[in-house]
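Residue numbers (this note's numbering): 30 to 133. Beta carbons are placed, not taken as given, at the ideal position from N, Cα and C, and that holds for glycine. If you're wondering where the values come from, they're calculated on a predicted model, not measured in any experiment. Comments concern the structure below.
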Amino acid sequence: MIWIVVLIAGLLEIVWAVGLRYTDGFTRLWPSVGTLLVMGLSFFLLSLAMRSLPTGTVYAVWVGIGAVGTAVVGIAFLGEPASILRILSITLIIIGIVGLKVGA
Numbered sequence: 030m031i032w033i034v035v036l037i038a039g040l041l042e043i044v045w046a047v048g049l050r051y052t053d054g055f056t057r058l059w060p061s062v063g064t065l066l067v068m069g070l071s072f073f074l075l076s077l078a079m080r081s082l083p084t085g086t087v088y089a090v091w092v093g094i095g096a097v098g099t100a101v102v103g104i105a106f107l108g109e110p111a112s113i114l115r116i117l118s119i120t121l122i123i124i125g126i127v128g129l130k131v132g133a
């Protein structure tokens, strides 16, 4: 169950990371408010998970989900390049996340 909390926290990290793009340096009120709310919820869920799971593992998995997800959103929806090196790098991050989860 707690890994579901980590997953949700990681998915929310993707939302706020992409949301930062739309805040325009926190000069746009509603995108900024939404981004900060999602960011706060993501950190809150991360802190809950850290109560019962190893801090290093939880943090690395959370960051990995956010990094992979944000990169995929960038490629799929924001017109960012999908080079073979980027795809390979994303794949390596996923392998690392799985390794950390299995080893926890």
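Apart from sequence neighbours up to five positions away, the residues of its chain that approach Ala-78 with a beta-carbon distance below 6 Å are Ile-31, Val-34, Val-35 and Val-87, ordered along the chain. Under the DSSP assignment, Ser-118 falls in the alpha helix (DSSP H) whose first and last residues are 113–132.
Taking one beta carbon from each stretch, the segment 42–53 and the segment 89–97 have 3 or more pairs nearer than 8 Å; the two touch. Around the beta-carbon of Gly-98, 16 or more other beta-carbon atoms lie within 10 Å, marking it buried.
In this chain, the alpha helix (DSSP H) harbouring Pro-60 covers 58–78. Residue burial annotation: Leu-75 is buried, with at least 16 other C-beta atoms found within 10 angstroms of its C-beta. Across the structure, Thr-64 and Phe-72 are spaced so that their CA atoms are roughly 12 Å apart.
Counting the other CB atoms within 10 Å of its CB gives Val-62 a total below 16, which places it among the exposed residues.
In terms of Cβ geometry, Gly-48 and Pro-60 form a close pair [threshold 8 Å].
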